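Have a look at the structure below before the remarks.
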């Protein structure tokens with residue numbers, strides 16, 4: 004992408020402020036923060052295009068570790084030198100880390116009933132963000148995927164999340180399983196299609 008197309012260029016300090024914004028505004032981590040990242044990095048600043056962002060979401064969900072940091076690190080490494088990228092991600096992540104540690108100590112002095120209210124509020128916000136994020140993917144995906152396949156993927160993921168205990172419930176296992184099933188179906192259909200064509204050719208020769 005040409006730098007002239009950027010609404011705000013991805014400089015060291017702009018990326019630093021962007022990571023600060025993401026880590027302090029977003030709740031829940033991972034996919035719950037992805038809509039916020041998309042709003043700024045894709046829609047507002049144009050640092051990533053739609054396809055690049057969606058590919059990044061898939062990739063970060065396959066890898067262990069915090070998806071939000073991985074995505075912001077990708078933007079940093081894409082736009083800056085390796086040294087500056089390491090530096091900006093490390094420095095911008097520190098304030099949020101210190102703030103989180105401070106909250107852990109503060110929560111010990113806050114009455115339990117207030118903590119329950121905070122947890123409910125955060126849980127509702129995370130649920131809403133994930134539902135909205137998932138619905139957007141469903142709208143885009145149903146154009147190229149059948150509803151039946153969507154339902155299979157949804158229930159497979161749901162059952163995997165509910166019944167497979169930690170540390171075995173890593174997303175990449177579901178993806179490998181889905182890819183294996185899809186590849187098997189594709190190979191079987193391809194072989195059947197080739198066999199049908201060969202039979203038609205033989206009949207034509209006879």
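In this note's numbering, the protein residues as written are 4 to 209. By construction, the Cβ of each residue, glycine as well, lies at the ideal position given by its N, Cα and C atoms. Nothing here was measured: the structure is a model prediction, and the numbers come from that model.
Q. If we ignore side chains and look at the alpha-carbon of each, how far apart do residue 21 and residue 78 end up?
A. 10 Å
Q | Distance CB(residue 18)-CB(residue 91) smaller than 7 Å | A | yes
Q: Tell me whether the beta-carbon of residue 133 lies closer than 7 Å to the beta-carbon of residue 34.
A: yes
Q) What number of angstroms, rounded off, separates the C-alpha of residue 124 from the C-alpha of residue 187? A) 44 Å
Q: May I ask you to verify whether the region 101 to 117 touches the region 40 to 49, counting CB pairs closer than 8 Å and requiring at least 3?
A: no
Q) Given residue 6, which residues of its chain have a CB within under 7 Å of its CB, disregarding the five upstream and five downstream residues? A) Because residue 6 carries a pLDDT of 48, less than 50, the predicted location of this residue cannot be relied on, and the following value inherits that uncertainty. The residues 12, in chain order, have a CB closer than 7 Å to that of residue 6 in the same chain once the five nearest residues on each side in sequence are set aside.
Q) Does the Cβ of residue 190 have 16 or more other Cβ atoms within 10 Å, making it buried, or fewer, making it exposed? A) exposed
Q: Return helix, strand or coil for residue 4, following the three-state DSSP convention.
A: In this prediction, residue 4 scores a pLDDT of 44, lower than 50, which makes its location untrustworthy; the coordinate-derived value is nonetheless stated afterwards. Reduced to three states, the DSSP call for residue 4 is coil.
Q.
Distance check for residue 195 and residue 14, CA to CA, integer angstroms please.
A. 54 Å
Q.
Looking at the secondary structure, which residues open and close the alpha helix (DSSP H) in which residue 60 lies?
A. DSSP places residue 60 inside the alpha helix (DSSP H), whose first and last residues are 53 to 65.
Q | Outcome for residue 206 when other beta-carbon atoms lying within 10 angstroms are tallied against a minimum of 16 | A | exposed
Q) Assuming residue 153 and residue 136 make a contact with CB atoms under 8 Å, what is their CB distance in whole Å? A) The beta-carbon separation of residue 153 and residue 136, rounded to 15 Å, does not stay under the 8 Å limit for a contact.
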